Amino acid sequence: MENETVYDIVIIGGGPIGLACALEAKKVGLNYVILEKGALVNSLYNYPQNMTFFSTSERLEIGGVPFVSNNPKPTRPEALEYYRRVAISGGLNIHLFEEVLTVEKKNGRFAVTTTKQIFTAKNIIIATGFYDIPYLLNVPGENLAKVKHYYKDPHYYAFQKVVTVGAANSAIDVALETWRKGAEVTMVVKGDKISDRVKYWVKPDIDNRIAEGSIKAYFNSTVAEIREKEVDINTPEGVVTIENDWVLAMTGYQPNMKFLRDVGIALSDDAVLCPAINEETQETNVPGVYLAGVICGGMNTHRLFIENSRVHAESIVKNIVEKNRGK
Ligand SMILES: Cc1cc2nc3c(=O)[nH]c(=O)nc-3n(C[C@H](O)[C@H](O)[C@H](O)COP(=O)(O)OP(=O)(O)OC[C@H]3O[C@@H](n4cnc5c(N)ncnc54)[C@H](O)[C@@H]3O)c2cc1C
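Position in the sequence shown (from 1) plus 31 gives the number in our numbering.
As structure tokens, then:
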């Protein structure tokens, strides 16, 4: 089915930065639509239930709409409510649960094919984030139902034998939260210590739990194999087999770089796969295609986040308006 409208901008991704782009487009009267494959701010929805942001609320604000929170650091539910209220009070044009499959240039316009229809656009903003493709362990048994790469609620793991994999914020939050719900927690950490990137107010907690033996941690270790009732761990002292109910592999996530390549966006030929972007306008090597948000960092998903990529929205819309004026 063809959507008849020719949009000034089709925004792919309804995360905080996609919403910020729509607010800017609306401010200057550009005709836009946001296409989101999941729920509103789907990545944030999939974050751990009790997660607390490391930013203060004003640093997560978009479109100049105040984010009021009583907490020094807002919680996930507060952020979900904030972005929902921004979307509804801004009257944003969003299609949820509609995934973009391809973007092709045809007769000077972009044809955007989704799971439901085809859109036509003069410009494209890709703000697809990084939370959809987990890094796999690539070990036997990873496909078992007991292995999870996304984590929600600690109660689910109460009184269970849990292995966590990873040493950064998500793994630490999972280990501490499930332990506090009565899980028997064993951490498997590839390096020789807990990551320095762990939130400063959380680090002493996990260090003390490990030191006192409440949480068992294997450093310089990796998961070798996962079976229904047990897990093999490669440790410096040899393979250790432990009884196990759940493996929570908080091993990080990667952006969908294939999607960018398929659109024709050039990526750096190193491990970062940094997309070719004009840092002033956020336009890529494909004229009319812009990148916004965390995706702009390529595989380095720690370089950009909400705080420092909100500005992309203004740069992009300013450039599109200038181009239109030049026509
Ligand atoms: C646990 C955790 C804590 C964090 N804390 C902070 C913090 O305190 N401060 C901060 O600034 N940042 C923080 N971040 C980072 C921040 O959440 C991300 O940088 C932010 O989500 C980036 O926004 P985005 O709009 O670029 O991407 P996302 O929020 O990931 O949004 C991208 C959207 O695109 C959609 N999408 C993807 N592909 C398609 C497609 N083909 N078709 C349609 N839709 C598609 C996705 O479903 C998603 O909703 C945190 C991240 C995590 C994981």
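Quick reminder that beta carbons are idealized off the backbone N, C-alpha and C, glycines included. Computed from a prediction, not measured in an experiment: that's the story for all the values here.
For residue 324, the secondary structure class from DSSP, reduced to helix, strand or coil, is coil.
According to DSSP, residue pairing for residue 280 in a beta bridge involves 196. With a cutoff of 9 Å on beta-carbon distance, residue 280 and residue 180 are scored as near each other. Around the C-beta of residue 47, 16 or more other C-beta atoms lie within 10 Å, and the residue is accordingly described as buried.
The nearest non-hydrogen atom of ligand 1 is 8 Å or more from the C-beta of residue 202. Per DSSP, the unbroken alpha helix (DSSP H) holding residue 292 starts and ends at 288-294. Following the DSSP letters along the chain, one finds residue 55 inside the alpha helix (DSSP H) bounded by residues 47-58. For residue 152, the enclosing beta strand (DSSP E) begins and ends at 149-157. Between residue 123 and residue 214 the beta-carbon gap is near 40 Å, outside 8 Å, which marks them as no contact.
Secondary structure of residue 338 (DSSP, three-state): helix. DSSP, reduced to helix, strand and coil, places residue 248 within a strand of the structure shown.
Here the alpha carbons of residue 68 and residue 329 stand approximately 20 Å from one another. Spanning the alpha carbons of residue 319 and residue 205 requires a straight line of approximately 41 Å. Residue pairing of residue 67 in beta bridges, as defined by DSSP: absent, with no partner found. Below 8 Å, enough C-beta pairs join the stretch 194-203 and the stretch 217-230 to call them touching: three or more.
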